[in-house]
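In UniProt numbering, the protein residues as written are 1 to 263.
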């Protein structure tokens with residue numbers, strides 16, 4: 001019998017993804033313009049401190065994008081490791097996921113900021129981490145652990161015959177994973193990965209614990225100065241809602257594009 005052919009997924013479409021990225025950037029630029037304009041028109045304590053809220057919102061979005069991209073790479077590596085047949089390959093990923101998912105994100109942020117430099121210095125590595133990169137490391141590892149489980153589930157959802165057919169055509173294990181299995185798995189797991197990114201945007205508020213001026217800390221400072229927590233916290237909540245709404249709008253579009261590309 002002739003060996004079955006591996007089904008290679010069609011390309012997602014470079015120009016389409018580029019237009020999606022361009023649209024997302026333009027939408028967030030427009031959103032920040034609107035937020036700045038509206039907040040500056042508001043009465044005290046919001047209006048005079050509008051720029052502080054906008055600066056915090058920009059930092060929140062920056063944390064989300066940088067940590068999300070790094071967390072996706074971490075999740076992909078750990079997810080592939082978890083599907084390995086060799087326990088020596090699976091063990092580090094299992095330990096990493098067990099450790100990160102079993103401890104609070106707040107503790108992880110504080111550990112990276114306060115303890116990690118000292119631990120590295122003890123083994124001869126002199127690494128100074130500021131508030132931003134400490135938060136990025138903790139958030140990336142945290143979302144990466146959850147992404148790993150999602151990607152592992154996506155890989156296992158691909159029929160075993162796909163891999164067997166690819167290897168029968170002469171592809172190595174690595175080539176089978178990168179060219180046949182992983183592209184299909186990523187299309188399957190786009191929705192839960194999107195949910196992780198939206199959750200990451202909100203979880204970035206915990207970076208305020210290490211004095212990183214993101215949106216939550218900006219609101220906390222204004223509230224402490226003005227003694228008017230109700231308008232300040234309402235403003236913070238509305239800005240978070242605006243950020244997550246625009247983010248969800250474009251991640252939903254990405255999900256639709258990947259579904260179309262996989263037909």
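Using N, Cα and C, we set each Cβ at its ideal position, and we do this for glycine too.
Distance, residue j Cα to residue i Cα
i	j	result
residue 241	residue 247	10 Å
residue 87	residue 153	18 Å
residue 190	residue 256	10 Å
residue 85	residue 167	16 Å
residue 174	residue 80	10 Å
residue 211	residue 120	22 Å
residue 181	residue 149	16 Å
residue 99	residue 226	41 Å
residue 71	residue 48	36 Å
residue 32	residue 61	11 Å
Closest residue to residue i among the options (Cα-Cα distance)
i	options	result
residue 204	33, 177, 34, 141	141
residue 112	132, 202, 65	132
residue 115	95, 138, 77, 174	138
residue 236	41, 106, 52	52
residue 176	45, 155, 89, 110	155
residue 239	17, 20, 59, 35	35
residue 195	50, 144, 83, 20	144
residue 134	250, 94, 19, 117	117
residue 249	128, 234, 61, 24	24
Collapsed DSSP secondary structure at residue i in the structure displayed
i	result
residue 156	helix
residue 3	Residue confidence is low: residue 3 scores 47 on pLDDT, short of 50, so the model does not pin down where it sits. Its coordinate-derived value is still stated next. In the structure shown, residue 3 sits in coil (DSSP, three-state: anything other than H, G, I, E or B).
residue 189	coil
residue 44	coil
residue 125	coil
residue 51	helix
residue 16	helix
residue 252	helix
residue 228	coil
residue 170	coil
Beta-carbon spacing of residue i, residue j below 8 Å
i	j	result
residue 57	residue 243	yes
residue 75	residue 147	yes
residue 73	residue 97	no
residue 184	residue 158	yes
residue 231	residue 46	yes
residue 68	residue 188	no
residue 54	residue 136	no
Min CB distance residue i to chain D below 8 Å
i	result
residue 37	No chain D appears in the structure shown, which is made up of a single protein chain.
Only counting runs of 3 or more residues, tell me where the beta strand (DSSP E) segments fall wholly within the stretch 54–113, in order along the chain. none
Enumerated in chain order, which unbroken segments of the beta strand (DSSP E) with a length of 3 residues or greater are wholly contained in the stretch 195–224? none
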